[in-house]
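Participant: Have a look at this one.
Number of protein chains: 2
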Amino acid sequence: MANMSSEDWAFWDTWMRAQRLLVRELDRGLQRDCGISKAEFSVLVTLRRPMRVGELADALGWEKSRVAHLLTRMEKRGLVARTEDGAGGRRTGIELTGEGRRLAGSATRVHGANIRRHVLDSLTPEQAAAIRSWSEALIARVEPS
Amino acid sequence: MANMSSEDWAFWDTWMRAQRLLVRELDRGLQRDCGISKAEFSVLVTLRRPMRVGELADALGWEKSRVAHLLTRMEKRGLVARTEDGAGGRRTGIELTGEGRRLAGSATRVHGANIRRHVLDSLTPEQAAAIRSWSEALIARVEPS
DNA sequence: CCCCAAGAGTTGATGTGTCAACTCTAGCCT
DNA sequence: AGGCTAGAGTTGACACATCAACTCTTGGGG
Numbered sequence: 001m002a003n004m005s006s007e008d009w010a011f012w013d014t015w016m017r018a019q020r021l022l023v024r025e026l027d028r029g030l031q032r033d034c035g036i037s038k039a040e041f042s043v044l045v046t047l048r049r050p051m052r053v054g055e056l057a058d059a060l061g062w063e064k065s066r067v068a069h070l071l072t073r074m075e076k077r078g079l080v081a082r083t084e085d086g087a088g089g090r091r092t093g094i095e096l097t098g099e100g101r102r103l104a105g106s107a108t109r110v111h112g113a114n115i116r117r118h119v120l121d122s123l124t125p126e127q128a129a130a131i132r133s134w135s136e137a138l139i140a141r142v143e144p145s
Numbered sequence: 146m147a148n149m150s151s152e153d154w155a156f157w158d159t160w161m162r163a164q165r166l167l168v169r170e171l172d173r174g175l176q177r178d179c180g181i182s183k184a185e186f187s188v189l190v191t192l193r194r195p196m197r198v199g200e201l202a203d204a205l206g207w208e209k210s211r212v213a214h215l216l217t218r219m220e221k222r223g224l225v226a227r228t229e230d231g232a233g234g235r236r237t238g239i240e241l242t243g244e245g246r247r248l249a250g251s252a253t254r255v256h257g258a259n260i261r262r263h264v265l266d267s268l269t270p271e272q273a274a275a276i277r278s279w280s281e282a283l284i285a286r287v288e289p290s
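Protein sequence lines correspond, in order, to chains A and B.
Going by the working numbering, the first residue of the first sequence is number 1, and it counts up by one from there.
Going by the working numbering, the first residue of the second sequence is number 146, and it counts up by one from there.
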């Protein structure tokens, strides 16, 4: 296996740099316009109906503890509510509040517009196709599920 | 400005998913084989000669406070050393220790091999070209310096 | 029936990044 | 000289992710 050439490193650095800038821009937009983080946005759009915490964690592909911590913070801010899950009285159900539902809608519009502006509008169809095929190949290789 | 279609969202989700998986793989490799994080790796390879903290922060494109916190942790582990900066006796200089220099070398080899294996070897020339041109365009647009 | 093992969720410790507030030094202005 | 301000660096508070340890409930065996 050949070592990395300096062109290889330059390519890699440029790519990762662009990635960081993009993520930073989008995060700031979401924070500035909606007051939420990207993780919170993911929860809001995934939690379209009441579900169990574990179900939400699976849908997001995150660890349970990450979800639990985040839900605690979001519950404190009134975006989600833990509910009695029937059997046994443990509060294992989770659902959006009215406020959460409202935010989910506006955040989707705002974030979508930002993605379109920062990314989609500046991609040629060939670039988009190349990126899509690379992404799918990597996911298939790393996550053979 | 048109809204995001569901194909747009699917494209975006796939891309970000691949990106997260890739970063996670590389981070784990660096942690497992060298015991350092990606941020620490960046410091080790950037700090080839003694410099001021601010100079290091500029070279990395990071905030000063992030660098200060990270240096504190790395100093505690013996990878870098703060030095008297001459004038005034404040310790504003920073340099690698012998241990840090040794780690920088081996980590560069290990990390480079991982990048080649996970990324470069699985990119077609068209994909690489598309990613490079997109990255350069985004950097130029967001960071017009 | 009682105990206990498995599953679901939570919690605490630690590492990390960001923002704002702070300290220290040096240089300038009067 | 005395004081003010700008720049450099640090620190503290908080948000977040991960890991391991913990609690609570349920559903079996004995």
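We put the beta carbon where it would ideally sit given N, CA and C, even for glycine.
1) Name the residue from A/K64, A/N114, A/I139, A/A140 whose alpha carbon lies nearest to the alpha carbon of B/D153.
2) Could you list which residues in chain B have their beta carbon closer than 8 Å to that of A/R132, in chain order?
3) What are the residues that DSSP puts in a beta bridge with B/R227?
4) Runs of 4 residues minimum, wholly inside the stretch 177-220 of chain B: which ones carry the alpha helix (DSSP H) assignment?
5) Would you report the Cα separation of A/I94 and A/D58, rounded to the nearest angstrom?
6) The stretch 184-207 of chain B: which residues have C-beta closer than 9 Å to a C-beta of chain A, in chain order?
7) What do you reckon, are the CB atoms on B/L205 and B/H256 nearer than 7 Å?
8) Round the Cβ separation of A/L47 and A/L56 to the nearest angstrom and send it over; I've been treating them as touching at under 8 Å.
9) Judging by CA-CA distance, which residue of A/E25, A/A130, A/R28, A/S37 is the nearest neighbour of A/L160?
10) So, under 8 Å CB-CB, A/L21 and B/V287 are touching, yes? Tell me the CB distance rounded to an integer number of Å.
11) Out of curiosity, what's the CA-to-CA distance linking B/I276 and B/I284?
12) List, in chain order, every chain A residue whose beta-carbon is nearer than 9 Å to that of B/V287.
13) B/E281 by DSSP, collapsed to three states: which one?
Facilitator: So, from the listed chains and residues:
1) For this step, residue 153 of chain B is matched to residue 8 along the second sequence. Checked all of A/K64, A/N114, A/I139, A/A140; the closest Cα to B/D153 is A/N114.
2) One-based indexing of the first sequence puts residue 132 of chain A at position 132. Neighbours of A/R132 on chain B, chain order: F156, T159, W160.
3) Position 82 of the second sequence, counted from the first residue, corresponds to residue 227 of chain B. Partner(s): B/I239.
4) 183-191, 198-205
5) Numbered from its first residue, the first sequence carries residue 94 of chain A at position 94. Numbered from its first residue, the first sequence carries residue 58 of chain A at position 58. Approximately 14 Å, taken between the alpha carbons.
6) G206
7) As a working note, residue 205 of chain B is residue 60 in the second sequence. As a working note, residue 256 of chain B is residue 111 in the second sequence. No, the pair does not count as a contact, with Cβ atoms beyond the cut-off.
8) Taking the first sequence and counting its residues from 1, one reaches residue 47 of chain A at position 47. Taking the first sequence and counting its residues from 1, one reaches residue 56 of chain A at position 56. At roughly 6 Å, the Cβ-Cβ gap stays under 8 Å, so A/L47 and A/L56 are in contact.
9) Residue 160 of chain A lies beyond the residue range present for chain A, which begins at 1 and ends at 145; the question has no answer from this structure.
10) In the first sequence, residue 21 of chain A corresponds to position 21, counting from 1. In the second sequence, residue 287 of chain B corresponds to position 142, counting from 1. Sure, about 5 Å apart at Cβ, within 8 Å.
11) Reading the second sequence from its first residue, position 131 is the one you call residue 276 of chain B. Reading the second sequence from its first residue, position 139 is the one you call residue 284 of chain B. Going from the Cα of B/I276 to the Cα of B/I284 covers about 12 Å.
12) Numbered from its first residue, the second sequence carries residue 287 of chain B at position 142. Ordered by position in chain A, the residues that pass the 9 Å Cβ test against B/V287 are A18, L21, L22, R24, E25, H118.
13) Taking the second sequence and counting its residues from 1, one reaches residue 281 of chain B at position 136. Helix.
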